[in-house]
Every structure is written in structure tokens, then in C-alpha cells.
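Asker:
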Amino acid sequence: MYNPLDEVLYRRELAKKYLEDAQEAYRREDWRGSVASAQLATENAAKAIIAIYRTPSWRHDPSDELYEITNELPRDIRNMVRELAKIAHTLAPEHARTTYGDPIRRLTPWQLYNKEDAERAINLARRAVEIMEEVLKRIGIGRT
Numbered sequence: 004m005y006n007p008l009d010e011v012l013y014r015r016e017l018a019k020k021y022l023e024d025a026q027e028a029y030r031r032e033d034w035r036g037s038v039a040s041a042q043l044a045t046e047n048a049a050k051a052i053i054a055i056y057r058t059p060s061w062r063h064d065p066s067d068e069l070y071e072i073t074n075e076l077p078r079d080i081r082n083m084v085r086e087l088a089k090i091a092h093t094l095a096p097e098h099a100r101t102t103y104g105d106p107i108r109r110l111t112p113w114q115l116y117n118k119e120d121a122e123r124a125i126n127l128a129r130r131a132v133e134i135m136e137e138v139l140k141r142i143g144i145g146r147t
């Protein structure tokens with residue numbers, strides 16, 4: 004049986020762990036790994052919010068789902084959730100790129116990314132996790 008709180012806490016933990024993984028990959032100068040984990044941190048941060056209202060999909064771009072639940076959220080956090088949706092939409096294409104690269108140009112995932120790409124992705128993921136934590140706190144789920 005679906006338990007929304009269990010799903011929220013599960014997704015929150017995934018988001019936090021993937022952000023840590025992205026930062027660790029950055030320290031190792033694994034730019035592809037940084038971007039891949041940053042994308043997953045962001046995806047799961049978004050899905051933690053979605054899970055409050057319904058089971059999140061398996062899609063890597065949950066931005067539409069966030070937009071769909073925005074009006075169910077308290078007014079004071081709607082703009083934050085819209086920002087999270089934009090971040091999720093921005094990073095979603097990286098899921099395929101960090102896995103398959105650019106087959107048309109015959110570039111592997113490791114050839115696609117540099118330090119600046121990793122920094123940008125980590126900064127977006129960090130903001131996504133911050134938004135998730137703030138939204139959960141404001142709706143009464145708080146930090147665990």
C-alpha cells in the first residue's frame with residue numbers, strides 16, 4: 004500500500020545522497036559523474052514534493068508533475084516549487100547524456116562534460132535540495 008510519508012522521506016534521502024555523490028565526484032574531477040548525480044539529486048528532490056500528493060512517475064523530468072500540484076500547495080511556497088520545476092526541467096536531459104553521451108557526434112559521456120558543467124549542475128542540484136527541504140519544513144514534514 005502506498006504511504007505518502009514513506010515515499011517523501013525516501014525521495015528526500017535519495018536527493019541528499021545523490022547531492023553528496025555529485026560533490027564527491029567533483030572532488031575526484033569526475034565531471035560526468037558530478038552531472039549525473041546532480042541530475043538525480045534534483046529529480047528526487049522534485050519527486051519528494053510530488054509524493055506528498057501522489058505517486059511520482061518514473062520520468063526523469065518531473066517538472067510537469069510539479070506544475071500540476073502547484074495550486075494544491077500553500078501560496079507562500081508556490082514560487083519555490085516553480086523554481087524547482089525549472090531546475091528539474093533544465094537538468095533532465097542530462098540523464099540520457101550522462102548515460103549515452105552524444106551518439107550523433109560519437110562523443111562518450113566522459114567527453115561531454117568539463118569542470119564548469121559540473122559546477123553548474125551541482126549548484127542547481129544544491130538549490131533543488133534547499134527548496135525541497137524548505138518546502139517540506141513549511142508543510143510540516145521538517146528535517147529528519
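Every number in our numbering is 3 more than the matching position in the sequence shown, counting from 1.
We put the CB at the ideal spot given by N, CA and C, even for glycine.
Give the straight-line distance between the Cα atoms of A121 and R31, rounded to the nearest whole angstrom.
Answerer: 11 Å
Asker: Rounded to whole angstroms, what's the CA-CA distance from I125 to N117? Just pull it up for me.
Answerer: 12 Å
Asker: State the CB to CB distance for the pair Y21 and A49, rounded to an integer number of angstroms; the pair is presumed to be in contact (CB under 8 Å).
Answerer: Going by Cβ atoms, the distance from Y21 to A49 rounds to 12 Å, so no, they are not a contact pair.
Asker: Below 7 Å CB to CB, which residues in the same chain sit around H63 once its five sequence neighbours on both sides are set aside?
Answerer: E46, A95 and H98
Asker: Give every residue of the same chain whose Cβ lies closer than 6 Å to the Cβ of R14, excluding the five residues on either side of it in the sequence, and list them in chain order.
Answerer: N47, K50, A51 and A54
Asker: CB R78 to CB E68, shorter than 9 Å?
Answerer: Contact: no.
Asker: Exposed or buried, Y29, counting other C-beta atoms within 10 Å across all chains shown (16 or more means buried)?
Answerer: buried
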